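Chemist: Note that the numbering used here gives residue 226 to position 105 of the sequence shown, counting from 1, and the numbers run on in steps of one.
C-beta: ideal position from N, C-alpha, C; glycine also.
Note that the coordinates shown come from a computational prediction; the quantities given were computed from them, not determined experimentally.
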Amino acid sequence: MNRFSPLFRQSNLKFVVILLGIVSCGKEKSKIATCIEARQLAKADFEKQKYVFYEYQYLNDDKSKNIDFVNILKQKNIKVIFKTKYPVSCLPDERDKLEESKICYQTQMNNSITAKFGHSFLDSARIGVQKNNDLKLIKIIKK
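#1: Over what stretch of residues does the beta strand (DSSP E) that includes I202 continue unbroken?
#2: Following the continuous alpha helix (DSSP H) through Y226, name the residue where it begins and the one where it ends.
#3: Judging by CA-CA distance, which residue of A163, I188 and K204 is the nearest neighbour of L180?
#4: Just how far apart, CA to CA, sit M230 and F190?
#5: Under the three-state reduction of DSSP, which class applies to Q178: helix, strand or coil?
#6: Quick one: what does DSSP say M122 is sitting in, helix, strand or coil?
#7: With DSSP as the reference, please indicate the residues paired to V173 in a beta bridge.
#8: By the three-class DSSP mapping on this structure, what secondary structure does K184 have?
#9: Taking the beta carbon of L194 as the centre, do at least 16 other beta carbons fall within 10 Å, making it buried, or is it exposed?
#10: Just how far apart, CA to CA, sit E265 and D183?
#11: Do you know how far the Cα of A165 is from the Cα of T235?
#12: Assuming V173 and I202 make a contact with CB atoms under 8 Å, what is their CB distance in whole Å?
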């Protein structure tokens, strides 16, 4: 003998369906920016002087220079974010819309910073960091 009557189960089922409907309608779906919108956002941030430079490195790259590189770019009010660059593989790269949007933002921001400060500034920052590390190494060897 079943403890619950069919009428009770039916009314519970209706209640659950109505409750789920109310809860799901109350949620706002978050909109992911398109590539064009992400570029426009990067341009707007750049105009507000919110400079963020994305430096791509492989997993096995020497990270010892990163702090010096950050300090050099900080002099121009540029924040640096290091991103991992993965080697090319034969597997397809399935990016979702959010990842595509991020890449569009990062590319636009890097292009804007390069246009304003020039390739020579970024290259000299990297070279300066390398020379500084070489001098530190020479001092250590001479001791």
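Modeler: This is what the structure gives:
#1: I199 to T205
#2: K218 to F238
#3: K204
#4: 18 Å
#5: strand
#6: Interpretation of M122 is limited by its pLDDT of 49, a score under 50 that renders its predicted location unreliable; no figure is taken from the coordinates.
#7: K200
#8: coil
#9: buried
#10: No answer is possible for residue 265: it lies beyond the span of the chain, which begins at 122 and ends at 264.
#11: 16 Å
#12: 6 Å
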